[in-house]
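See structure below.
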Amino acid sequence: MEAHLRAAVPPPEIVLPPPPADPKRIDGTWIMDQVTPLHMTHDASGHDIPMTDAANAILQARQRAVYVDHDPIVATGPQCLPPGQPWQFGLLTPFQILQTPDSVTFVFSEYHTVWSAPLGVASPAAGPRQYMGQSAGRWEGDTLVIETSTYKLPLWLEPDGMPASKDARVTMHLRRISDHGPELEIATTIDDPEMFHAPWTYVHTYAWRPDMEVFEEYDCEAQAASAAQGQALKTKEQH
Amino acid sequence: MGRVRAGKAAACAVLSVVTLLLAHPVQAAPNDMEGVWRLSRPQSLLVPGGGGLPPFTKEGRARFEANRKAAARGDFRFDAVRSSCASPGQPRLMLSSRPFALFVRPRVVTLVYAWNHTFRQITVGEPLPNPASGPHWWVFGSAQGHATARWDGDTLVVKTDSFTDGRLLDAFTPTSDKLTLTERLRLRSPKVLEDRITVSDPGIFTRRWDAVLTYARATDAKLPFAEDVCLDRLKAGQPAWP
Chain E
1 MEAHLRAAVP
11 PPEIVLPPPP
21 ADPKRIDGTW
31 IMDQVTPLHM
41 THDASGHDIP
51 MTDAANAILQ
61 ARQRAVYVDH
71 DPIVATGPQC
81 LPPGQPWQFG
91 LLTPFQILQT
101 PDSVTFVFSE
111 YHTVWSAPLG
121 VASPAAGPRQ
131 YMGQSAGRWE
141 GDTLVIETST
151 YKLPLWLEPD
161 GMPASKDARV
171 TMHLRRISDH
181 GPELEIATTI
191 DDPEMFHAPW
201 TYVHTYAWRP
211 DMEVFEEYDC
221 EAQAASAAQG
231 QALKTKEQH
Chain R
1 MGRVRAGKAA
11 ACAVLSVVTL
21 LLAHPVQAAP
31 NDMEGVWRLS
41 RPQSLLVPGG
51 GGLPPFTKEG
61 RARFEANRKA
71 AARGDFRFDA
81 VRSSCASPGQ
91 PRLMLSSRPF
101 ALFVRPRVVT
111 LVYAWNHTFR
121 QITVGEPLPN
131 PASGPHWWVF
141 GSAQGHATAR
151 WDGDTLVVKT
161 DSFTDGRLLD
171 AFTPTSDKLT
181 LTERLRLRSP
191 KVLEDRITVS
201 DPGIFTRRWD
211 AVLTYARATD
221 AKLPFAEDVC
231 LDRLKAGQPA
241 WP
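Line order of the protein sequences matches chains E and R. Residue numbers for the first sequence follow my numbering, so the first one is 1 and each next one is one higher. Residue numbers for the second sequence follow my numbering, so the first one is 1 and each next one is one higher.
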């Protein structure tokens with residue numbers, strides 16, 4: 001796992017320009033700098049994740065599809081659909097943050113996902129359901145708090161299939177830290193009575209990496225179409 | 001008499017200010033380009049400055065006409081954007097009828113399009129070495145191409161190359177992997193953004209040609225854009241590229 005992290009996030013070749021001095025500026029490019037488990041079992045405090053029976057049943061079905069049936073249930077991201085914040089922020093790929101006085105926008109290299117939240121708004125708008133939900137952001141001191149709800153589909157919180165329902169409320173606390181160089185810490189709280197007996201929180205950290213700020217284009221839909229075409233040809237040849 | 005002299009003096013003062021402004025136009029700061037923009041006049045084709053069709057080679061014209069005829073039959077297999085929501089790339093994304101947000105940062109200018117949660121990044125100046133991708137990572141080509149830029153006064157001069165083969169410049173115009181674009185992006189006024197595009201693609205066009213797109217600062221759109229998912233529209237039988 002450490003080797004995988006070093007390959008995905010090699011150390012910079014130069015001394016990087018520093019992030020903005022203002023702690024309330026999170027503009028720039030960040031990438032996860034920690035190894036996370038394929039399957040989450042504990043929250044940030046080390047307690048078991050308080051899963052309901054419904055959550056356990058979904059998780060087991062998703063795991064069985066992979067490890068027993070070898071016919072995985074495909075999450076939204078690999079279908080080129082916006083995968084929700086927990087999945088997207090759990091990837092070892094960089095993202096760019098673009099901040100203005102009234103919005104914050106996250107641009108991800110993977111799946112060309114773009115997610116924006118209005119700032120200075122108390123709670124998510126009662127808009128239509130969206131894959132990335134409806135969001136609202138506000139500053140609490142030097143911490144940016146973004147609440148998201150009104151998802152279009154149930155979420156995958158991690159690749160192994162930990163579920164959240166489409167009525168989940170995902171609250172992210174983002175703040176700059178400097179324990180190991182400039183980092184962004186995101187504490188994510190999942191509040192979803194259908195899947196969890198109580199809200200629970202996990203924490204990821206992201207390194208400041210302006211040297212990774214230009215992304216290779218991820219033309220997900222073209223790749224998916226090409227793969228489908230290849231599969232159709234293969235099937236045709238087999239018959 | 002006195003009133004006439006005062007009037008003349010005032011007229012001279014206005015004339016002097018106008019002369020001064022013409023000689024030394026007020027330069028817009030790069031950040032003034034930031035905001036949400038929308039194409040001033042919806043158009044499906046990138047039209048040369050003088051109007052008409054681009055200066056096609058024989059092959060370019062034949063492919064253009066074949067695409068147009070296929071579209072008239074409702075057959076869009078020639079267009080990966082319409083048939084599978086593939087990236088329209090450049091300069092087609094600049095022709096989107098939906099708005100985009102433009103962000104100017106010291107080393108990267110980013111355009112976030114409302115169409116299918118897509119974005120464009122333009123490197124400004126010398127990029128920092130990226131140890132994950134290595135040098136020349138863009139040589140295999142992409143729909144967006146590889147865009148580098150410099151500021152020429154208040155104009156962002158963008159050169160884009162390293163495109164993949166067999167794409168479309170707009171609704172019907174074919175392109176090859178020899179396509180290069182030079183764009184000059186500037187504020188024509190605080191509310192009008194201009195993109196002057198020079199197109200070169202030797203197999204498709206007999207010579208370089210120019211087109212000008214203008215964008216109005218959007219008053220009816222802001223971030224966050226409503227989530228747009230092209231694949232959902234396609235599934236619902238709606239146009240992928242409205």
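Glycine residues also receive a C-beta, built at the ideal position from the N, C-alpha and C atoms.
Amino acids of chain R, ordered along the chain, whose beta-carbon sits closer than 8 Å to that of residue i
i	result
Pro86 of chain E	Here the premise fails: no neighbours, minimum Cβ distance about 17 Å.
Ala8 of chain E	Ala132
Met51 of chain E	Result: empty, since nearest Cβ-Cβ is about 29 Å, beyond 8 Å.
Pro11 of chain E	Pro131
Cβ of residue i within 9 Å of any chain E Cβ
i	result
Arg92 of chain R	no
Asp232 of chain R	yes
Thr110 of chain R	yes
Glu183 of chain R	no
Asn67 of chain R	no
Leu15 of chain R	With a pLDDT of only 43 at Leu15 of chain R, under 50, the local geometry of the prediction cannot be trusted, and the value read off the model is given with reservation. Chain E, which has no Cβ nearer than 9 Å to the Cβ of Leu15 of chain R, makes this no.
Ser83 of chain R	yes
Pro129 of chain R	yes
Ser87 of chain R	yes
Thr160 of chain R	no
Ala80 of chain R	yes
Val34 of chain R	The identity of residue 34 of chain R in the sequence shown is Glu, whereas the question assumes Val. Yes, Glu34 of chain R lies at the interface with chain E (some Cβ there is under 9 Å from its Cβ).
Val26 of chain R	Low confidence applies to Val26 of chain R: its pLDDT is 48, below 50, so where it sits in the model is not reliable enough to give any reading.
Interface partners of residue i on chain E, CB under 8 Å
i	result
Leu169 of chain R	Chain E residues near Leu169 of chain R: none, gap ~17 Å exceeds 8 Å.
Gln144 of chain R	Glu217
Val229 of chain R	Leu81, Pro82, Tyr131
Phe119 of chain R	Val107, His112, Val114
Thr180 of chain R	In chain order: nothing, as chain E lies at least about 17 Å away.
Thr123 of chain R	Val214
CB contact below 9 Å: residue i versus chain R
i	result
Phe89 of chain E	no
His197 of chain E	no
Ile14 of chain E	yes
Gln34 of chain E	no
Leu81 of chain E	yes
Met172 of chain E	no
Gly230 of chain E	no
Ser103 of chain E	yes
Pro193 of chain E	no
Ala117 of chain E	yes
Ala168 of chain E	no
Pro128 of chain E	yes
Ala224 of chain E	yes
Glu2 of chain E	no
Under 9 Å by beta carbon: chain R residues contacting residue i
i	result
Thr41 of chain E	Residues of chain R passing the Cβ test: none, with the nearest at roughly 29 Å.
Helix, strand or coil at residue i [DSSP, three-state]
i	result
Trp289 of chain E	For chain E, the structure presents residues 1 to 239; residue 289 of chain E sits outside this window and is missing.
Ile204 of chain R	coil
Ile186 of chain E	strand
Ala75 of chain E	coil
Glu2 of chain E	helix
Gln134 of chain E	strand
Ala13 of chain R	Note that Ala13 of chain R has pLDDT 44, beneath the 50 cutoff, so the model's placement of it is unreliable and the number below is only indicative. Note: Ala13 of chain R maps to helix in three-state DSSP.
Tyr67 of chain E	helix
Tyr206 of chain E	strand
Gly181 of chain E	strand
Tyr113 of chain R	strand
Ala147 of chain R	strand
Val30 of chain R	With the sequence shown as reference, residue 30 of chain R is identified as Pro, and Val is not the correct amino acid for it. DSSP places Pro30 of chain R in helix when its eight states are reduced to three.
Gln223 of chain E	helix
Ala117 of chain E	strand
Thr212 of chain E	The residue you asked about is not Thr; residue 212 of chain E is Met in the sequence shown. DSSP places Met212 of chain E in helix when its eight states are reduced to three.
Glu110 of chain E	helix
Arg233 of chain R	helix
Leu128 of chain R	coil
Ala164 of chain E	strand
Arg129 of chain E	coil
Leu223 of chain R	coil
Chain-ordered neighbours of residue i on chain R, where CB pairs are closer than 7 Å
i	result
Leu98 of chain E	Phe103, Thr110
Ser178 of chain E	Within 7 Å Cβ-Cβ: nothing; Ser178 of chain E doesn't reach chain R, min ~20 Å.
Glu183 of chain E	Correct list: empty, because the minimum Cβ distance to chain R is about 18 Å.
Asp22 of chain E	Those within 7 Å of Asp22 of chain E in chain R number zero; the least Cβ separation is about 15 Å.
Under 9 Å by beta carbon: chain E residues contacting residue i
i	result
Trp115 of chain R	Under the 9 Å cutoff, chain E gives no residues; its nearest Cβ is about 11 Å from Trp115 of chain R.
Arg107 of chain R	Pro17, Pro210, Glu213, Val214
Neighbour list for residue i in chain E, Cβ cutoff strictly below 7 Å
i	result
Trp137 of chain R	Glu216
Neighbour list for residue i in chain A, Cβ cutoff strictly below 8 Å
i	result
Ala122 of chain E	In summary, chain A is missing from the structure at hand, where the protein chains are E and R.
Check your understanding: What are the start and end residues of each continuous beta strand (DSSP E) run of 3 or more residues lying completely inside the segment 4-54 of chain E, in chain order?
Key -> 28-32
Practice item. Using a Cβ-Cβ cut-off of less than 9 Å, list which residues of the segment 201-227 of chain R approach chain E; keep chain order. Key: Lys222, Leu223, Pro224, Phe225, Ala226, Glu227
Point to revise | Runs of beta strand (DSSP E) wholly within the segment 33-108 of chain R (minimum 3 residues, chain order) | key: 35-39, 100-104
Review point. If you scan the segment 149-218 of chain R from start to end, which runs of the beta strand (DSSP E) of 3 or more residues do you find wholly inside it?
Key: 155-161, 180-189, 192-200, 209-217
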